[in-house]
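Peer 1: The following block contains the structure, expressed as structure tokens.
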Amino acid sequence: MKEFQVWQSYIDALNILTEQYENPFRIKVLKTKEEGVIDCRFVEEDQKRLVYEALTGVFKDLTFEDVRFKENHLLYPTSGRLNRTNDAKDTLDNLARAHHFTYSLNPGFSATINYTHNHLQELFDQVGIKERAKLDKPVYLTIEEIEKIDGVLEDYPEVTRATDIGAVFQLEMKDEYMARQCEHTLKFIWKHAGVKPGAVKVDSYDIYYKNKYFFKDFVEVIKESTPYYNTIHLVTYEIQPDAFNDFLKTKKHQKVFFRSEPHANDNSNNKSQILPDPQGNKFVRRFKNDIAKEELNDEIRHFKRVLGRFFKEEDITVTHEQVFRTSGKQLFNSYIEYIKASLPETYQVSLNSETLSFDFQSAEELDKKIEALERYSWINLKQHENGHKFKVYFEVSTPLVDLERRLSKSSKIKAVLNKDQNQLQVFGMLADPAQQEILKAKILNEYDKIDVKYCSLKWNEIGNGYLKYFLHFDEESFQEYTERKFMKLRGGLVKDYESEAPFGMIRYVNYPYLEIELEVDSEEILLEETLTVAGSLKGEKDKIKRLYDAIEAIQSDSSISIVNPNLKDGLIDSAEVKYDVDEIKRTLEYCNLYREVEADLLSSFINESQKEAIAKSLLAEDLFVVQGPPGTGKSTAIAELIWQHIRLQGAHQEKYKILVTSETNLAVDNALDKLRSDRHMLIKPIRFGSEDKLDREGWRFSLEAINAWGKDVTAYEDTLIVDDWVTLISDRSEEQAQSGYLKLWKEHLLEKDKTVREFFSQAYLKHCNVVGATCSSIGKLNSEGRFTRFFQDYCNVYHAEKLESYKSDRSWNTIKALNGLSVEFDLAIQDEASKASPPELMLPFVFTKKAIVIGDHRQLPPMIDTNEFIDSLEYLKAKAQEGEQRQKIKRLQRFIKRNSRSFEISHFERLFKGIHQNYKTTFDTQYRMHPAINETIKQFYKGDFEGGKDLECGLDMNCVDDPNLDNIQSRYHGITNKADTHVMWFDVNTPEVKQGTSRVNPGEVEAIKWIVERLKGNERYKHFVDHWGDHLQAEKELGIITFYGAQANLLKKNLPQDIQARVSPVDRFQGMERNIVIVSMVRSNRLAEHPGQEPDYEMFPDLGYAKNTSLGFAESPNRLNVALSRAKRLLIVVGNKDHFSSKQIYKNVYETILKHPQGEVWSFSKGDLKKVRNGNS
């Protein structure tokens, strides 16, 4: 049970970290925009005050005034108390990471070196550019201005312009897309509330329901199911025009004022009547969406009585409308996802700024890229004009850059360069005061080596009785952290902190500025007002609740907390699963079942290990585990598992229900898509989830789409699964057609009129036996105690009458009836389970009689960074008051530290290794990779197969090198000089560099840039890419994978922009594949302090750099396995072979490439290439 304690602590920590986003923060209202939208500024809490408070744990007598943030130091009395205990220092180190600062406990001295000339500004002035020259930020220039600069750039050797120029264009949503979302919402409300779309007014995509009141629970369902997340009540009091004009003439005499009139707020007019500002001859009042119906009616009657003092009753017409609204940002989110699915990675789309951007290097390339975008008819791009400005970066080489690099080589000197101010602050840290003159001499010596023209050096004085300590607060890092926090809140609700009433939705973030779409009446908001609000992460809290529920259900002693109590012990410790025989494959029951499975397969591509898994799983009563290495056909196998269980097990009961689930939408949709068939009607899958959040494959199974199809004869772009059913029945009618009646029947079916659609959609839902849903969506109640979307979808299919009663009449009885229902499946199949934490893995199995778990413990485990968790908790602990919360955080930190190893092993691995061989199988044949790539991958699976077998390649050996790219068995590429090369290693011995908590290796970036540039100029590569149509973007793209986010960012900045490539850290590539993959290993046996650091063989005689033995993230072979196994045709590894050969499994990979007939190894150094050896030499 220890593992459960570990993961209980993980959920507790996750809950605390989520709660931090609900901490209050202050905003200042700057202006109102369109109706109901405000611009505001985040009022920063005093982060520097938190840094000061952290420092006082060591510097006991420190005052806030003596912390000199701007000068990168603090002053401390020589008589001041210093707490140098290990505990105090460890605490301060943790707080330094959490609060974004670095420090030294060695006192010292400082100097400021200024460079007084701005070469870039001088250049701008010469060519007549009025833009201020920024040295560390982008400058926005027109093409004409860039060309002017390029014309004189050679006269300014200190100035370099970045090769890539950034184009940023505002995106506008196509009206057709907005109309489609509006139509979808109208249909949804029609289906659930019975209001036909024709009876509704739509204005600028806002939906108006006249004299209709929707109860709060139903409004919540609409918010969850459509982009229309906001609703208000509008009550309009229209006055007969003549009566209104007469009123305007006499209102002052009657002491009646409109709210905006000067005397309206005059307290002396305490007998006057204040009315809202009219809109023409109408008074319009707005009410929040959660106002009770009785209260709303009271408000309507009250204001009508007020107006009755001035108008006759027959002159007043009252109209109530409930208005459903969406925002451009809400719609734009789904629109962007639609765009991203089709655009190559050379184009970037920002949800936050609603822009499309890309890099280019010339005006001709700019025109080509814009022309390429015009092929995508659904992209509405604001075209550039002559005055459009582009993002340009300049690098100005001053002596300070070189001086910072030189001084940073010493561990006793800190140098902080402010490029924008051309200022270098230097700090010497003294373990021994006698070293001061030596360090000063060293600084002066390095200073004298640079060109000191335009330079000035000033030694900074220290007051008597004080010592100076280095301190650097990284403001940029703090701003990035804060912006990430707001990005997490973007699209979610913020509440008024005191009343907890909904305030609005953050729809745009550009730190420190926020744009909020209001839930409250904008007339209540005052400009320059400072408000305190708090965030709300309902989706995250819902997921956390479901994880808590899963842990509680598994740990509970109750026999009804889980559908199958036998699963409890097996999911905790799979060794507890009982077995009757030692080897089930030797039994007659297994042999007969195997033959029965083999006789009626859904797919003709099922191999022996998959058949074995299916037969064994059919015999398992409670739990079965499958290890599926990369490319082994897991989706095909899942479809076959479903087919055989429904065909054989479903024959013994009326409705056999299967749940197919995974953490990713893609895995669920792929499994369902494999179930489509043109020869049977036995399997009827349905996809739960909001239609607008599903991609094309999932949408065709969508419950929403099927319901809409049944009521609407509108043609859809793609066929739904119900269309397949109608077509199959129609085709069978044709096969049996002996008379004209059957032909007429066939024609009637294919017309798919309202009667046919209604009948088939209802029949399909009635016989649904497979449900697809993501793991995180599964559950009955959300964090607010309401029924989840998943549960309502489940009831829609399996308890439709009770759900309809509940929706039409939300009484105690209907709620009780629905609450008494439970979610129950006969079988749940979970894919990609190795990436799930134990609570995530167990969540779907609480609701099933039998569980099949599919994953691969040789690939990525759950992505839990315990160090990041601990740092984040440290930050929250520092902000928490003394008390229970602070103590809880301390306990969590200690527990997570002690059990950090437990977070690195997937629960799937424990299940697979613990369970008896009768209840598990490993797929042993892959169909993705060329055999040469398979040879490198199989190192990771040694010992995983029965009888000492290795991972096999299932491709036809006679076809794998077929130049015909249309042959699905071919893995030919033809782009290398030696056409049949399929695995390569480029040995790069450059040093790695720390970048925060991440790592970069600029030498590997240069090597990959060299490779990509040669591909770009290779006619064979162009021919290969051109072979694939525009609809096959993944086939065209290079895959470039690394183990660190910082390296991925550096690669993106440096690679040519006119080549289609997906650059990602390895954890975002699992489940994907590309024809050609380049892997950047990053880690090296050499460690530099900064990019560009030259080797120093005096200090480091062996390598010229500090030695490094750590493999970092690559210490686990799982990451490298995932990275290498993404390639189908050509795999290129770029890394330090000496460093990685220190681990035997990586040495095996390198030597396999070195010795393989279709492998090559090259030594790469500063653009020079030397072939080491291949298998033929």
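Each step along the sequence shown adds one to the number in full-length UniProt numbering, with nothing skipped, and position 625 is 625.
By construction, the Cβ of each residue, glycine as well, lies at the ideal position given by its N, Cα and C atoms.
Which residue wins for smallest C-alpha separation from His1027, given the options Glu1013, Asn1049 and Asp966?
Peer 2: Walking along the sequence shown from the start, residue 1027 turns up at place 1027. Checked all of Glu1013, Asn1049 and Asp966; the closest Cα to His1027 is Asp966.
Peer 1: Does Phe487 come out as helix, strand or coil in the three-state DSSP assignment?
Peer 2: As a position in the sequence shown, residue 487 is number 487, starting the count at 1. According to the sequence displayed, residue 487 carries Met and not Phe. It is helical.
Peer 1: Kindly indicate which three-state DSSP category Tyr469 falls into: helix, strand or coil?
Peer 2: As a first step, residue 469 is located in the sequence shown; it is residue number 469 there, counting from the start. Three-state result, Tyr469: strand.
Peer 1: For the segment 490-531, which segments carrying the beta strand (DSSP E) assignment without a break, of at least 3 residues, lie completely within its bounds, in sequence order?
Peer 2: The qualifying runs are 493-496, 502-510 and 513-518.
Peer 1: With which residues is Ser1163 paired in a DSSP beta bridge?
Peer 2: The residue given as residue 1163 occupies position 1163 in the sequence shown. DSSP lists Asp987 and Lys1170 as partners of Ser1163.
Peer 1: To which residues of the same chain is Lys634 closer than 7 Å at the C-beta, ignoring the five residues directly before and after it?
Peer 2: In the sequence shown, the residue the question calls residue 634 occupies position 634. So the qualifying residues of the chain are Gly628, Asp831 and Ile854.
Peer 1: Unbroken alpha helix (DSSP H) runs of length 4 or more, entirely within the segment 790-817: which are they?
Peer 2: With a minimum length of 4 residues, the continuous alpha helix (DSSP H) runs that stay inside the segment 790-817 are 800-808.
Peer 1: Pair every Cβ in the segment 44-60 with every Cβ in the segment 95-112, then say whether three or more of these pairs are closer than 8 Å.
Peer 2: Yes, the segment 44-60 touches the segment 95-112.
Peer 1: Rounded to the nearest angstrom, how far is the Cβ of Lys578 from that of Tyr594, given a contact under 8 Å?
Peer 2: Numbered from its first residue, the sequence shown carries residue 578 at position 578. Numbered from its first residue, the sequence shown carries residue 594 at position 594. Wrong, their Cβ atoms sit about 22 Å apart, outside the cutoff.
Peer 1: Is it buried or exposed for Arg132, if we count other Cβ within 10 angstroms and need 16 for buried?
Peer 2: Locating residue 132 in the sequence shown gives position 132, where the first residue counts as 1. Classification of Arg132: exposed, given that the 10 Å Cβ count is below 16.
Peer 1: Ordered along the chain, which non-local residues of its own chain (more than five positions away) have a Cβ less than 6 Å from that of Phe64?
Peer 2: Position 64 of the sequence shown holds residue 64. Closer than 6 Å at Cβ, skipping near neighbours: Tyr52.
Peer 1: Give me, in chain order, the residues of the same chain whose beta-carbon lies closer than 6 Å to that of Glu395; leave out the 5 immediate sequence neighbours on both sides.
Peer 2: On the sequence shown, residue 395 is found 395 positions in, with the first residue counted as 1. If we look at Glu395 and ignore the five residues flanking it on each side, its Cβ neighbours are Thr160.
Peer 1: What does the alpha-carbon distance come out to for the pair Pro862 and Pro565?
Peer 2: Translated into the one-based positions of the sequence shown, residue 862 becomes position 862. Translated into the one-based positions of the sequence shown, residue 565 becomes position 565. Cα to Cα, the separation comes out at about 26 Å.
Peer 1: Give me the DSSP bridge partner(s) of Met429.
Peer 2: Position 429 of the sequence shown, counted from the start, is the residue given in the question as residue 429. According to DSSP, which records beta bridges pairwise, Met429 is partnered with Gly108.
Peer 1: Going by the beta-carbon positions, is the gap between Gly631 and Gln1093 smaller than 8 Å?
Peer 2: Sequence index remark: in the sequence shown, residue 631 carries index 631 (1-based). Sequence index remark: in the sequence shown, residue 1093 carries index 1093 (1-based). No, these two residues do not count as a Cβ contact at 8 Å.
Peer 1: Go ahead and pull the three-state DSSP assignment for Asn269.
Peer 2: Start at 1 with the first residue of the sequence shown, and residue 269 comes out as number 269. Reliability of the predicted coordinates at Asn269 is poor, the pLDDT of 49 falling under 50, and the value obtained from them is presented with this limitation in mind. It is coil, neither helix nor strand.
Peer 1: Below 8 Å between beta carbons: does that hold for Lys835 and Glu663?
Peer 2: If you number the sequence shown from 1, residue 835 lands on position 835. If you number the sequence shown from 1, residue 663 lands on position 663. In this structure, Glu663 lies closer than 8 Å to Lys835 by Cβ.
Peer 1: May I ask you to list the residues that DSSP assigns as paired with Thr32?
Peer 2: Translated into positions along the sequence shown, residue 32 becomes position 32. Answer by DSSP bridge pairing, in chain order: Ile38.
Peer 1: Taking only the alpha-carbon atoms, compute the straight-line gap between Glu1013 and Gln1060 and give it to the nearest angstrom.
Peer 2: As a first step, residue 1013 is located in the sequence shown; it is residue number 1013 there, counting from the start. As a first step, residue 1060 is located in the sequence shown; it is residue number 1060 there, counting from the start. Answer to the nearest angstrom: the Cα atoms are 12 Å apart.
Peer 1: Starting from the Cα of Lys1099, find the closest Cα among Glu183, Tyr454 and Ser411 and give me that residue.
Peer 2: Along the sequence shown, read from residue 1 onward, the residue named residue 1099 stands at position 1099. The amino acid at residue 1099 is misidentified as Lys; the sequence shows Met. Ranking Glu183, Tyr454 and Ser411 by Cα distance to Met1099 puts Ser411 first.
Peer 1: Determine, using beta carbons only, whether Ile646 and Ile683 come nearer to each other than 8 Å.
Peer 2: Position 646 of the sequence shown, counted from the start, is the residue given in the question as residue 646. Position 683 of the sequence shown, counted from the start, is the residue given in the question as residue 683. Yes. Within cutoff.
Peer 1: Decide if the segment 806-813 is in contact with the segment 717-730; the criterion is three or more beta carbon pairs, one per stretch, under 8 Å apart.
Peer 2: Contact between the segment 806-813 and the segment 717-730 is absent, because fewer than three Cβ pairs lie under 8 Å.
Peer 1: Please report the residue range of the beta strand (DSSP E) in which Ser635 lies.
Peer 2: Within the sequence shown, the letter at position 635 stands for residue 635. Element bounds for Ser635: not the beta strand (DSSP E) but the alpha helix (DSSP H), Lys634 to Gln644.
Peer 1: Going by the DSSP bridge assignment, what does Phe64 pair with across the sheet?
Peer 2: Sequence index remark: in the sequence shown, residue 64 carries index 64 (1-based). In the DSSP output, where bridge partners are listed per residue, Phe64 has none listed.
Peer 1: Along the chain, where does the alpha helix (DSSP H) containing Trp190 start, and where does it finish?
Peer 2: For this step, residue 190 is matched to residue 190 along the sequence shown. Start and end: Asp175 to Ala193.
Peer 1: At a cut of 8 Å, does the segment 1152-1167 reach the segment 975-995 through at least three beta carbon pairs?
Peer 2: A contact exists between the segment 1152-1167 and the segment 975-995.
Peer 1: Return the CA-CA distance between Met1116 and Lys938, expressed in angstroms with no decimal places.
Peer 2: On the sequence shown, position 1116 is the one that residue 1116 refers to. On the sequence shown, position 938 is the one that residue 938 refers to. Correcting the residue identity first, residue 1116 is Ser in this sequence and not Met. Using only the alpha carbons, I get a separation of about 16 Å.
Peer 1: With DSSP as the reference, label Arg405 as helix, strand or coil.
Peer 2: As a first step, residue 405 must be located in the sequence shown, where it is residue number 405. Of the three classes helix, strand and coil, the one that applies to Arg405 here is helix, per DSSP.
Peer 1: Over the uninterrupted alpha helix (DSSP H) stretch that includes His1139, give me the two end residues.
Peer 2: In the sequence shown, the residue the question calls residue 1139 occupies position 1139. That run of the alpha helix (DSSP H) goes Lys1137 to Phe1140.
Peer 1: Determine the extent of the alpha helix (DSSP H) in which Leu619 is found, giving its start and end residues.
Peer 2: For the purposes of this step, residue 619 is taken as the residue at position 619 of the sequence shown. That run of the alpha helix (DSSP H) goes Glu608 to Leu619.
Peer 1: Run through the DSSP bridge pairs and tell me what Asn1049 is partnered with.
Peer 2: For this step, residue 1049 is matched to residue 1049 along the sequence shown. Bridge partners of Asn1049: none, in fact.
Peer 1: Could you give the residue range of the beta strand (DSSP E) that holds Leu417?
Peer 2: Here residue 417 refers to the residue found at position 417 of the sequence shown. Its beta strand (DSSP E) spans residues Ile413 to Asn418.
Peer 1: Following the continuous alpha helix (DSSP H) through residue 1184, name the residue where it begins and the one where it ends.
Peer 2: Outside the displayed range of the chain (1 to 1177) lies residue 1184, so it cannot be described from this structure.
Peer 1: Does Val581 come out as helix, strand or coil in the three-state DSSP assignment?
Peer 2: The residue labelled residue 581 in the question sits at position 581 within the sequence shown. It is coil, neither helix nor strand.
Peer 1: Since Leu527 and Lys31 are thought to touch, with beta carbons under 8 Å apart, how far apart are those beta carbons, to the nearest angstrom?
Peer 2: Reading the sequence shown from its first residue, position 527 is the one you call residue 527. Reading the sequence shown from its first residue, position 31 is the one you call residue 31. Correct: roughly 7 Å between the Cβ atoms.
Peer 1: What residue ranges within the segment 117-166 form continuous alpha helix (DSSP H) runs of no fewer than 4 residues, ordered along the chain?
Peer 2: You should have 119-127 and 143-152.
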